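Peer 1: With UniProt numbering, the residue at position 18 of the sequence shown is 18, and numbering never jumps. Every residue, glycine too, gets a C-beta built ideally from N, C-alpha and C. Quantities reported herein were computed from a predicted structural model and do not represent experimental measurements.
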Amino acid sequence: MPLFIFANWRGFSGGQKDMFEMVLKFGAYIVDQLCKFLNPVIVYIPPHGELRGGAWAVIDPTINPVCMQMFADPRSRGGVLEPEGTVQVKMRKDLVPLMRRLDKEMMRLAVLEKEGQNVKVDTDARIELLMPTYRNIAITFADLHDTPVRMKAVGAIKAGNVKCVDDIRRMKDLLQCYFKETRSDEAFSWESVPDSDALAVLDAERKQIVTFLVENDFSKTMGERYGIPAEKLARFIREMRNNECDQ
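So this is what it looks like as structure tokens:
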């Protein structure tokens, strides 16, 4: 049986409570078992879920790249540090120079300072006024690096567009369409195939199934965007492929 992990953990604090409860020790046990697990492991970050810090290290797909895959909802977030922590560690020293470069009042005070005037009090007051706004801007910028789009771009997850059960149901319907087109027996039902036989079929026809799913998913996406029936696009792709094979 495959293992499904719904990941919504914000890491380990490393404090006395976590140490007393041996959180790191049990996390290491999870890593050991995932290394030896031979069945598929699907890690999914749910809507508005977060995967942070040491929790990511425990279920990172690189632990068992053959069996593990990670997916995420577009509304989820993931990363070693939270945006607030990233700003505190990497961007804290850059906020004041950013103010001096962008804020007109800070530019004016800088000119007065070069002329020899004492504007330290006014400058400090202006920095104190602007700091909350610039910190929020920096946090928003750091949060953009934790989106599924970015995680997919760096190869941390397999896909970041699994939005709901309908996506999985649509893949199941496409699989049914594949068997309907490739089986001459009209009474064939994928649901009635025993598990052992189903695995053998999926393994033997993996390439054809993947090609069929990709083409139909492409047809649906392009059809929705340009108003072209998905069936018409799918038929056009099949005809083009058949023409290439004949040539």
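1. Which class does residue 22 belong to by DSSP, given the choice of helix, strand or coil?
2. Assign residue 146 to one of two classes, buried (16 or more other C-beta atoms within 10 Å of its C-beta) or exposed (fewer than that).
3. Ends of the beta strand (DSSP E) at residue 52?
4. What do you get for residue 26, buried or exposed, if any count of 16 or more other CB atoms within 10 angstroms of its CB means buried?
5. What is the rounded straight-line gap between the Cα of residue 126 and the Cα of residue 105?
6. So, helix, strand or coil for residue 202, using DSSP?
7. Would residue 2 and residue 63 be called neighbours here (beta carbons separated by less than 8 Å)?
8. Quickly, what does DSSP pair residue 9 with across the bridge? List them, please.
9. Considering only the beta carbon of each residue, do residue 148 and residue 74 sit closer than 8 Å?
10. Looking at the unbroken beta strand (DSSP E) that takes in residue 72, where does it start and where does it end?
11. Specify the secondary structure class of residue 77 as computed by DSSP and reduced to three states.
12. Assess contact between the region 107 to 125 and the region 53 to 68, defined as three or more Cβ pairs (one per stretch) separated by less than 8 Å. Is contact present?
Peer 2: Let me spell this out:
1. What you label residue 22 is simply residue 22 of the sequence shown in a count that begins at 1. Residue 22 falls in the coil class under three-state DSSP.
2. Translated into positions along the sequence shown, residue 146 becomes position 146. Residue 146 is classed as buried because its beta carbon has at least 16 other beta carbons within 10 Å across all chains shown.
3. Stepping through the sequence shown from its first residue, residue 52 is reached at position 52. Looking at the DSSP string, the run of the beta strand (DSSP E) that includes residue 52 is 50 to 52.
4. The count along the sequence shown starts at 1 and reaches residue 26 at position 26. Under this definition residue 26 is an exposed residue.
5. Mapped onto the sequence shown, residue 126 falls at position 126. Mapped onto the sequence shown, residue 105 falls at position 105. Residue 126 and residue 105 have their C-alpha atoms spaced approximately 8 Å apart.
6. By 1-based counting over the sequence shown, the position of residue 202 is 202. Residue 202: helix per DSSP, three-state reduction.
7. For this step, residue 2 is matched to residue 2 along the sequence shown. For this step, residue 63 is matched to residue 63 along the sequence shown. Result no, Cβ atoms of residue 2 and residue 63 do not sit closer than 8 Å.
8. Against the sequence shown, residue 9 aligns to sequence position 9. Paired residue(s): 51.
9. Within the sequence shown, residue 148 is the residue found at index 148, counting from 1. Within the sequence shown, residue 74 is the residue found at index 74, counting from 1. Yes, the Cβ-Cβ distance between residue 148 and residue 74 is below 8 Å.
10. What you label residue 72 is simply residue 72 of the sequence shown in a count that begins at 1. Element bounds for residue 72: 68 to 72.
11. For the purposes of this step, residue 77 is identified with residue 77 of the sequence shown, where counting begins at 1. If DSSP states are grouped into helix, strand and coil, residue 77 belongs with the strands.
12. Three or more Cβ pairs closer than 8 Å define a contact, and the region 107 to 125 falls short of that threshold against the region 53 to 68.
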